[in-house]
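Novice: Sharing a structure here in structure tokens format.
In the numbering used here, the protein residues as written are 218 to 328.
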């Protein structure tokens, strides 16, 4: 009999103002849907530990900036950031999709 494979998806719509700390500890997490909340920030160093995280929806929140280190989350295949108050990356970059956004963020990491 093959090994069981767990897929973990979390959708939260309770007007969170922060990324729930407990989610950073679910290492099998694949999808986080935090759209339409009031999240004001994320910790990219914690997100990088979620090696199975492929979808992160942070659309329509209160993000004032996107940490460049988020670009190091190489497992992300879908990153939704639309509808936030940050100025960079610009909407034109966001509209080009996840790969372009992640590349843009990586290019902003100080060396």
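Glycine is no exception: its CB is placed at the ideal position from the N, C-alpha and C atoms.
1) Among 319, 254, 328, which has the Cα closest to the Cα of residue 292?
2) Could you tell me the distance, in whole angstroms, from the CA atom of residue 286 to the CA atom of residue 266?
3) Which residue wins for smallest C-alpha separation from residue 263, given the options 302, 279, 313, 246?
4) Quick one: is residue 288 buried, meaning 16 or more other Cβ sit within 10 Å of its Cβ, or exposed?
5) Which residues in the same chain as residue 279 place their Cβ atom closer than 6 Å to its Cβ, once the five residues preceding and following it in sequence are excluded?
6) What are the boundary residues of the alpha helix (DSSP H) that includes residue 322?
7) Along the beta strand (DSSP E) that carries residue 264, what are the first and last residues, could you check?
8) Give the single residue among 284, 241, 252 whose Cα lies nearest to the Cα of residue 270.
Specialist: In short, the structure shows the following:
1) 319
2) 13 Å
3) 246
4) buried
5) 255, 257
6) 315 to 324
7) Per DSSP, residue 264 belongs to no beta strand (DSSP E); it is in the alpha helix (DSSP H), 261 to 264.
8) 241
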